[in-house]
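J.:
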Amino acid sequence: MTDIAPVVAAVTARIVERSRDRRTAYLDQIARARDNGVDRSRMGCGNLAHGFAASGEDKAVIRAGGAMNIGIVTAYNDMLSAHQPYHRYPEQMKLFAREVGATAQVAGAVPAMCDGVTQGQAGMELSLFSRDTIAMSTAIGLSHGMFEGAALLGICDKIVPGLLMGALRFGHLPTVLVPAGPMPSGLANKEKQRVRQLYAEGKVGRAELLEAESASYHGAGTCTFYGTANSNQMMMEVMGLHVPGAAFVNPGTKLRTELTRAATQRVAAIGWDGDDYRPLGHCIDEKAIVNAVVGLLATGGSTNHAIHIPAIARAAGIVIDWEDIDRLSAVVPLIARVYPNGSGDVNHFQAAGGMAYVIRTLIDHGLLHADILTIAEGGLEAYARDPLLVDDGLTWIDGPAEPLDRTMLRPVSDPFLPDGGMRLVRGNLGRATMKTSAVDPSRWTIEAPARVFTDQDAVLEAFKAGTLTGDLVLVMRFQGPRANGMPELHKLTTPLGILQDRGFRVALVTDGRMSGASGKVPAAIHVSPEALAGGPLARVQDGDMIRVSGDGGTLDVLVDADVFAARSDAVPPPEPFGTGRELFAFMRAGADEAERGASAMLAAGGL
14 MTDIAPVVAA VTARIVERSR DRRTAYLDQI ARARDNGVDR SRMGCGNLAH GFAASGEDKA
74 VIRAGGAMNI GIVTAYNDML SAHQPYHRYP EQMKLFAREV GATAQVAGAV PAMCDGVTQG
134 QAGMELSLFS RDTIAMSTAI GLSHGMFEGA ALLGICDKIV PGLLMGALRF GHLPTVLVPA
194 GPMPSGLANK EKQRVRQLYA EGKVGRAELL EAESASYHGA GTCTFYGTAN SNQMMMEVMG
254 LHVPGAAFVN PGTKLRTELT RAATQRVAAI GWDGDDYRPL GHCIDEKAIV NAVVGLLATG
314 GSTNHAIHIP AIARAAGIVI DWEDIDRLSA VVPLIARVYP NGSGDVNHFQ AAGGMAYVIR
374 TLIDHGLLHA DILTIAEGGL EAYARDPLLV DDGLTWIDGP AEPLDRTMLR PVSDPFLPDG
434 GMRLVRGNLG RATMKTSAVD PSRWTIEAPA RVFTDQDAVL EAFKAGTLTG DLVLVMRFQG
494 PRANGMPELH KLTTPLGILQ DRGFRVALVT DGRMSGASGK VPAAIHVSPE ALAGGPLARV
554 QDGDMIRVSG DGGTLDVLVD ADVFAARSDA VPPPEPFGTG RELFAFMRAG ADEAERGASA
614 MLAAGGL
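Residue numbers are given in the numbering used here: position 128 of the sequence shown equals residue 141, and the series is strictly consecutive.
#1: Determine the burial state of Met-435: buried for a count of at least 16 other Cβ atoms within 10 Å of its Cβ, exposed for fewer.
#2: Answer yes if the segment 175 to 189 comes into contact with the segment 279 to 297, meaning at least three C-beta pairs across the two stretches below 8 Å, and no otherwise.
#3: Where DSSP assigns a beta bridge to Asn-82, which residues make up the other side?
#4: With DSSP as the reference, please indicate the residues paired to Leu-485 in a beta bridge.
#5: Does the segment 332 to 344 come within contact of the segment 303 to 315, defined as at least 3 CB pairs closer than 8 Å?
#6: If you draw a straight line from the alpha carbon of Arg-373 to that of Asp-418, how long is it in whole angstroms?
#7: How is Glu-543 classed by DSSP in three states: helix, strand or coil?
#8: Hey, quick one: how far does the alpha helix (DSSP H) through Asp-142 stretch, first residue to last?
#9: In the structure shown, what three-state DSSP assignment does Ser-562 receive?
#10: Run the CB neighbour count on Gln-134, radius 10 Å, all protein chains shown included, and call it buried at 16 or more, exposed below.
#11: Return helix, strand or coil for Arg-526, following the three-state DSSP convention.
#12: Would you tell me roughly how many angstroms separate the C-alpha atoms of Val-345 and Ala-414, rounded to the nearest one?
#13: Using DSSP bridges, identify the partner residues of Gly-121.
#14: Do the segment 486 to 497 and the segment 604 to 612 make contact, defined as three or more Cβ pairs closer than 8 Å?
#15: Identify which residue in Lys-448, Thr-467, Phe-466, Ile-559 has its Cα closest to the Cα of Asp-484.
#16: Can you tell me whether Thr-387 is buried or exposed? The criterion is at least 16 other CB atoms within 10 Å of its CB, across all chains shown.
#17: Thr-408 bridges to which residues according to DSSP?
#18: Using the Cβ count rule (16 or more neighbours within 10 Å means buried), how would you classify Gly-57?
#19: Can you find the residues in the same chain that come closer than 6 Å, C-beta to C-beta, to Val-130, ignoring five residues on each side of it along the sequence?
#20: Are the beta-carbon atoms of His-96 and Ala-180 separated by less than 9 Å?
#21: Between Ala-276 and Ala-259, is the Cβ-Cβ spacing less than 9 Å?
#22: Grab the span of the alpha helix (DSSP H) containing Arg-31 for me, first residue to last.
#23: Pop quiz: Arg-53 and Leu-61 are said to be a contact at Cβ under 8 Å. What is the actual Cβ separation, rounded to whole angstroms?
#24: If we ignore side chains and look at the alpha-carbon of each, how far apart do Leu-108 and Arg-101 end up?
#25: With a 10 Å radius around its C-beta and 16 neighbouring C-beta atoms as the bar for buried, classify Ser-426 as buried or exposed.
#26: If I follow the unbroken beta strand (DSSP E) through Met-435, where does it start and stop?
#27: With C-beta atoms as the reference, is Thr-237 less than 9 Å away from Asn-202?
#28: Would you list, in sequence order, the uninterrupted alpha helix (DSSP H) runs of no fewer than 4 residues that lie entirely inside the segment 161 to 237?
#29: Tell me which residue opens and which closes the alpha helix (DSSP H) that Val-553 is part of.
#30: Between the Cα of Asn-82 and those of Gly-525, Leu-442, Met-159, spot the shortest distance and give me the residue it belongs to.
#31: Going by the DSSP bridge assignment, what does Ile-538 pair with across the sheet?
#32: Under 7 Å Cβ to Cβ from Ala-242, same chain only, skipping five residues before and after it: list those, please.
#33: Over what stretch of residues does the beta strand (DSSP E) that includes Ala-451 continue unbroken?
#34: Ends of the alpha helix (DSSP H) at Arg-53?
#35: Alpha carbon to alpha carbon, what distance is there between Val-208 and Leu-222?
#36: Less than 8 Å between C-beta atoms, sequence neighbours within five positions excluded: which residues of the same chain meet that for Ile-385?
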């Protein structure tokens, strides 16, 4: 086995040392839950009878207590295209469980927002906090103590992190993530973006725009660009929480069904009564968290995971910060170009070699920990193989030794970029994340006067009126978790992209988030501390010169320090109200900073 690269080893050791006390306490907690927690053997008869009363033909087996009962937590709804295929999964999985003498029940359902529907709408201010809601919903489902294993059905943005955060509180249970795959490719992403830009410029109408969007988002499955949802699936592979190769197989295929069968039956095989016990809390350790970061950097994944990875880690007693990500980014090369970082989508990525190739080349160059405890036998090496059907049976073969399309994938020895393109920038405006992998290097450093806004629609109005023009740094503040729930600011992508195409030097600085689909405009996002929490962004004024530099890792307002410190903070917008936002006021009030995961739930729980 190739030795792990020195920087990867050093960052891992740094995380292990920083996490030692919390991780020890976490492992003690899940050990107690395994030995003395609630399970069927310790339940009162009335409790147990309630649990199997409606279980149909599985009733006798669940009652007897000798076989594993798998708790299914599902994020199904048929409004979210990625999750629509889950409709039939629970019934299928019950059949698959019976084939190996196990049983399965739906432990609970969790909400599943579609950020594509809510982008730019009031509902988007609930999106990040839906992650904590999903985690709590997962915990509620598993709290019944009826289960010796878990299968988590989820794909999209906040859903996979939320499922993991909740399930990790039951980390003594063997747990498998069960994906459903991306929709087949539709209208090319570049063409969709071209029509969006024409619409923003008033050159086509709503009918043409809707036709383009409908041709792109056209069926069941994950959206095919490489945003947060597909970054989730990549991470589940490099962390070893999927059946190998499950991430990017399209829905409705025989192979997809067989992967779901394999996932169900694998849970039954790794329970605590056998000799291959693989609990979730041991599978997700410091090395697995580092693998998640390395995979994210190597593939140019979503910046949202600069928030989600620290939150998932905290739920497992692990502490990771943006400096860890920055150090890894310096040595992990970019080896994939998937839209918006390239022209092809995730289906093209899969055809070019997909995760099997990515994992193989990263292991061979010492950039991934291959010796992690995965749900599959053989450690992470098993994930460098591709699933296929032979005589209707599922098997795995070695993935390609070389990329099958070098416009999509490259070897570590000949990458698209020498680093992972996710930088920590810091200075007198705070700490922020900057994704450089999709940005032309000539634009990694921008110095320009500030234009300050607190509302996306006001930016669009200024752009349409022609008053938002020239070289500028758009400062979008009061968009952090404590202000309004930290919505993604996807509406800003098109006008800033148009200004950049007109030859202006533009950048974005915000305490909010940008979509996993964000692209070519340089952006310092997740600025911490946020404006509402006394962050320096609250003192920036129109015309202040701001320098944001991915080259130098800096984020500064170029104003005399005494003058800047003497300014009063800007008055924040009114407290969000309507569309249910008032119900989440306690989460906004309790949320901690983005670098720790922006979670009120984890903060209040002392995690």
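Using N, Cα and C, we set each Cβ at its ideal position, and we do this for glycine too.
T.: Judging by the given coordinates:
#1: Reading the sequence shown from its first residue, position 422 is the one you call residue 435. It is buried - the Cβ of Met-435 has at least 16 other Cβ atoms within 10 Å.
#2: yes
#3: Within the sequence shown, the letter at position 69 stands for residue 82. BP columns for Asn-82 point to Thr-116.
#4: As a first step, residue 485 is located in the sequence shown; it is residue number 472 there, counting from the start. The partner list for Leu-485 (beta bridge, DSSP) reads Val-519.
#5: yes
#6: In the sequence shown, residue 373 corresponds to position 360, counting from 1. In the sequence shown, residue 418 corresponds to position 405, counting from 1. Distance between the alpha carbons of Arg-373 and Asp-418 is about 16 Å.
#7: Here residue 543 refers to the residue found at position 530 of the sequence shown. It is coil, neither helix nor strand.
#8: Counting from one through the sequence shown, the residue named residue 142 turns up at place 129. One detail in the question is off: residue 142 reads as Phe in this sequence, not Asp. Taken as a continuous stretch (DSSP letters only), the alpha helix (DSSP H) holding Phe-142 covers 140 to 155.
#9: For the purposes of this step, residue 562 is taken as the residue at position 549 of the sequence shown. DSSP places Ser-562 in strand when its eight states are reduced to three.
#10: Your numbering for residue 134 matches position 121 in the sequence shown. Looking at its Cβ environment, which holds fewer than 16 other Cβ atoms inside 10 Å, Gln-134 is exposed.
#11: On the sequence shown, residue 526 is found 513 positions in, with the first residue counted as 1. DSSP places Arg-526 in strand when its eight states are reduced to three.
#12: Within the sequence shown, the letter at position 332 stands for residue 345. Within the sequence shown, the letter at position 401 stands for residue 414. So the two alpha carbons sit approximately 19 Å from each other.
#13: In the sequence shown, counting from the first residue as 1, residue 121 sits at position 108. Val-86.
#14: yes
#15: Position 471 of the sequence shown holds residue 484. Out of Lys-448, Thr-467, Phe-466, Ile-559, Ile-559 has the C-alpha closest to the C-alpha of Asp-484.
#16: Here residue 387 is taken as the residue at index 374 of the sequence shown, counted from 1. Classification for Thr-387: buried.
#17: Locating residue 408 in the sequence shown gives position 395, counting from the first residue. Per DSSP, Leu-401.
#18: Residue 57 sits at position 44 when you count from the first residue of the sequence shown. Exposed.
#19: The residue labelled residue 130 in the question sits at position 117 within the sequence shown. Nothing listed; no residue qualifies.
#20: Locating residue 96 in the sequence shown gives position 83, where the first residue counts as 1. Locating residue 180 in the sequence shown gives position 167, where the first residue counts as 1. For His-96 and Ala-180, no; Cβs fall outside 9 Å.
#21: Residue mapping note: residue 276 aligns to position 263 of the sequence shown, counting from 1. Residue mapping note: residue 259 aligns to position 246 of the sequence shown, counting from 1. Yes, they are a contact pair.
#22: The residue given as residue 31 occupies position 18 in the sequence shown. Residues 19 to 49.
#23: By one-based count along the sequence shown, residue 53 stands at place 40. By one-based count along the sequence shown, residue 61 stands at place 48. At roughly 6 Å, the Cβ-Cβ gap stays under 8 Å, so Arg-53 and Leu-61 are in contact.
#24: Translated into positions along the sequence shown, residue 108 becomes position 95. Translated into positions along the sequence shown, residue 101 becomes position 88. Using only the alpha carbons, I get a separation of about 11 Å.
#25: Position 413 of the sequence shown holds residue 426. Result: exposed.
#26: Here residue 435 refers to the residue found at position 422 of the sequence shown. Note, Met-435: beta strand (DSSP E), 435 to 440.
#27: Counting from 1 along the sequence shown, the entry for residue 237 is found at position 224. Counting from 1 along the sequence shown, the entry for residue 202 is found at position 189. Yes, the pair counts as a contact, with Cβ atoms nearer than the cut-off.
#28: 172 to 180, 202 to 213, 219 to 229
#29: Within the sequence shown, the letter at position 540 stands for residue 553. It is not in any alpha helix (DSSP H) - Val-553 carries neither H nor E in the DSSP assignment.
#30: Translated into positions along the sequence shown, residue 82 becomes position 69. Of the listed residues, the one whose Cα sits closest to Asn-82 is Met-159.
#31: One-based indexing of the sequence shown puts residue 538 at position 525. Answer by DSSP bridge pairing, in chain order: Thr-446.
#32: Taking the sequence shown and counting its residues from 1, the one referred to as residue 242 is at position 229. So the qualifying residues of the chain are Ala-95, Ile-168, Cys-169, Asp-170, Thr-235, Cys-236.
#33: Counted from its first residue, the sequence shown places residue 451 at position 438. Per DSSP, Ala-451 belongs to no beta strand (DSSP E) and is neither H nor E.
#34: In the sequence shown, residue 53 corresponds to position 40, counting from 1. First-last for Arg-53: undefined, no H or E at that position.
#35: Counting from one through the sequence shown, the residue named residue 222 turns up at place 209. Counting from one through the sequence shown, the residue named residue 208 turns up at place 195. Cα to Cα, the separation comes out at about 6 Å.
#36: Locating residue 385 in the sequence shown gives position 372, where the first residue counts as 1. Met-252, Gly-253, Cys-296, Asp-298, Lys-300, Ala-301, Asn-304, Gly-392, Leu-393, listed in sequence order.
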